[in-house]
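Numbering (the numbering used here), first residue to last: 859 to 1269.
To start, the structure under review is shown below, and the notes come after it.
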């Protein structure tokens, strides 16, 4: 059985809180609905393409550091396999379960952020990882997902208040801002920024007044400026970004990474040099397999490859928003808000990564979802895709009837 067919099978068997085999016609209807949606195929293409590009970008540095050119690829494959298994479980769990446990998940994530301050693994001056045997997990990645689950549930419980009561708006924002401060302490400004932007977008779509939304935007912008000013290396990055020309302003110092990325884009041209033929990954572009993997794509596969990646991410975001609108029409507010949040998250993080690679934004350590090397990021993004697949399943007419029937039998 293909991986697509396997996921479709998991979706069918995960329709309610008790396993039950639907009739043949119903199974065919659900499989057809999932197959035609394109959500799983698009995410799978990005995942597989990312594995290929991680292999291409990481082989030289893996050979030098570990004597094994496949070191990073094998680790990424391990996390991808774990992600498939976890996704298979997540996609079977009804959304109402995630709505109930979201506050507990956020609390656990916050405790992990506190724990990482004391026992976290330090890399390049940042303490963001907790080591568990042979693997390292980044709590901030899981915190973002927990925050969006919590906020989606909060908006369901307080739908009427958030449009009229300022205190009802302030409570979740203050709580999640406190969690964002814990992420900033690591320090990880990029993750905190993405989380809070998605939170504000979800609040706006949840009915918050536009005037209040703009007030929070202004407050957030001020807080962002203070966070940048408090760390000299962030000020240096901003100064570097605002320079006239990265090739002229300290090209071998603080501008070195972005200079090499732009060279990769220039060398790639329209069609690229060919898969595996790039030169910038040969110790010119630092950490080419992580934040700057899109530069390797541009050099080896050209503009055509880069636009293909952009098109796939655009489709995922469009699909998430379309699912949100369908869930809203089906009177499933939690699924609606969660889909908006996950779609905004995927799109915003991909957009920031693309902009950084092209020197349109200051350098920031944000991965390209589903493609960059990084176990925690990959695992969490695969869970996010599984949640979107669950939204799609529960919003199809046959599944809704099945869920109502199961709930009625339990009462």
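Heads up, the beta-carbon is just placed ideally off N, CA and C, and yes, glycines get one too.
- Between the alpha carbons of residue 908 and residue 1023 lies a distance of about 45 Å.
- With fewer than three CB-CB distances shorter than 8 Å, the stretch 1225-1238 does not count as touching the stretch 1066-1081.
- Proximity to residue 942 across 1163, 1236, 914 and 1252 peaks at 1236, based on C-alpha coordinates.
- Counting only the Cα atoms, residue 915 lies some 9 Å from residue 1145.
- Linking residue 1141 to residue 1168 through their CA atoms gives a straight-line distance of about 26 Å.
- Across the set 1060, 1182 and 956, the C-alpha of 1060 shows the shortest separation from the C-alpha of residue 1034.
- Looking at the backbone, the Cα of residue 1083 and that of residue 1200 are separated by about 26 Å.
- By the criterion of a C-beta distance shorter than 8 Å, residue 1156 is surrounded in its chain by 1122, 1123, 1126, 1130, 1163, 1164 and 1215, once the five residues flanking it on both sides are discounted.
- Per the C-alpha coordinates, the member of 1113, 1032 and 1242 positioned closest to residue 1143 is 1113.
- When the Cα atoms are used, residue 919 and residue 927 turn out to be separated by approximately 8 Å.
- The beta carbon of residue 1240 lies closer than 6 Å to those of 941 and 945 in the same chain, with the five residues before and after it left out.
- Bounds of the beta strand (DSSP E) holding residue 995 are 993-995.
- Taking C-alpha positions only, residue 1043 is separated from residue 899 by approximately 38 Å.
- Between residue 1234 and residue 1193, the beta carbon gap of about 25 Å keeps them out of contact (Cβ cut-off 8 Å).
- Of 956, 986 and 939, the smallest CA-CA separation from residue 995 is found for 986.
- Residue state for residue 990 is assigned as strand, using DSSP reduced to three classes.
- Residue 1040 is not a Cβ neighbour of residue 1085, given a cutoff of 8 Å.
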